[in-house]
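Student: Position 157, counted from 1, in the sequence shown is what this note's numbering calls 237; the numbers after and before it change by one each time, with no gaps. Just so it is clear, CB atoms sit at the ideal spot from N, CA and C, and this is done for glycine as well. Below are the structure tokens for one structure; questions will follow.
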Amino acid sequence: MRHRRADREERVVVDATSTMGTQPPSGVARRAPRHRESVTRSFTVGGAYGFVITSLHADGSLADVNLIMAKQGSTLRGMTETLSLAISTGLAHDVPLVTFVRQFIDLRFEPAGLTDDAEIPQATSIIDYVVRRLALDFLPLEERAALGVLTPSERATVATGVTPVPKVWSDTPGMPMFVPFEIPVQVSR
């Protein structure tokens, strides 16, 4: 059976919010610079281990996303690389990140379950985890709240209306970084 592109109905979704401004997409890709900053995060979802590598433009906006899972040649690896390519191509053509988050959030398939990320304790799939991580890293709180992508502390703030008190951080050797402490005061005589 032959499939022809002309037979398919194509939809273009344009989000006319502040992320795109008043100009329509030009169709010309915004190329990522050859040398750019990137952040690599390792993660585990339901026992599956992977990496999300996000590269940034000079202005700090998201340039591209690379998702690496499983061994070379596996179906899971191929699907995650395809998703990475789709998101990166969309970002290069000025598709807002919120569009991808809205489409892929709560997508359910295995592996799913608990994660090793304190800000996203559970995910319904690898793709759900990745778009939630991208939303937390690159979308403002108002957009994330509308999508339901909040950290546990943000959820607690919304539920109680009380902002949690920040803890005192320590870089004292031997003390965990998350333990508040008091500095003993010695009185000289």
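1. In three-state terms, what does DSSP make of valine 229?
2. Which residue marks the beginning of the beta strand (DSSP E) containing isoleucine 133, and which one marks its end?
3. With a Cβ-Cβ cutoff of 8 Å, do valine 119 and isoleucine 206 count as a contact?
4. Pairs of beta-carbons, one from the stretch 175–186 and one from the stretch 153–162, closer than 8 Å: are there three or more?
5. For leucine 194, name the three-state secondary structure that DSSP assigns.
6. Let's see if you can read the secondary structure: which residues bound the alpha helix (DSSP H) around leucine 142?
7. From Gly127, Asp144 and His115, pick the residue whose C-alpha is nearest to that of valine 211; which is it?
8. Enumerate in chain order the residues of its own chain whose CB-to-CB distance from isoleucine 133 is below 6 Å, with the five nearest sequence positions on each side excluded.
9. So what does DSSP say about aspartate 87, is it helix, strand or coil?
10. According to DSSP, simplified to helix, strand and coil, what is phenylalanine 123?
11. Could you name the residues that DSSP lists as bridge partners for isoleucine 167?
Tutor: Quick look at the numbers:
1. Indexing the sequence shown from 1 puts residue 229 at position 149. Of the three classes helix, strand and coil, the one that applies to valine 229 here is coil, per DSSP.
2. The residue given as residue 133 occupies position 53 in the sequence shown. 128–136 is the span of the beta strand (DSSP E), which, as asked, contains isoleucine 133.
3. For the purposes of this step, residue 119 is identified with residue 39 of the sequence shown, where counting begins at 1. For the purposes of this step, residue 206 is identified with residue 126 of the sequence shown, where counting begins at 1. No, the pair does not count as a contact, with Cβ atoms beyond the cut-off.
4. Between the stretch 175–186 and the stretch 153–162 there are fewer than three inter-stretch CB-CB distances shorter than 8 Å, so the stretches are not counted as touching.
5. By 1-based counting over the sequence shown, the position of residue 194 is 114. In the structure shown, leucine 194 sits in a strand (DSSP, three-state: E or B).
6. Taking the sequence shown and counting its residues from 1, one reaches residue 142 at position 62. Segment 142–149 is the beta strand (DSSP E) holding leucine 142; no alpha helix (DSSP H) there.
7. Here residue 211 corresponds to residue number 131 of the sequence shown, with the count starting at 1. The shortest C-alpha to C-alpha distance from valine 211 to any of Gly127, Asp144 and His115 is the one to Asp144.
8. By 1-based counting over the sequence shown, the position of residue 133 is 53. These residues qualify, in order along the chain: Ser118, Thr120 and Asn146.
9. For the purposes of this step, residue 87 is taken as residue 7 along the sequence shown, with counting starting at 1. Because the pLDDT of aspartate 87 is 39, which lies under 50, any placement of that residue in the model is unreliable, and the number read from its coordinates should be weighed accordingly. Three-state DSSP puts aspartate 87 in a helix.
10. Position 43 of the sequence shown, counted from the first residue, corresponds to residue 123. If DSSP states are grouped into helix, strand and coil, phenylalanine 123 belongs with the strands.
11. Here the question's residue 167 lines up with position 87 in the sequence shown. Paired residues: none, contrary to the question.
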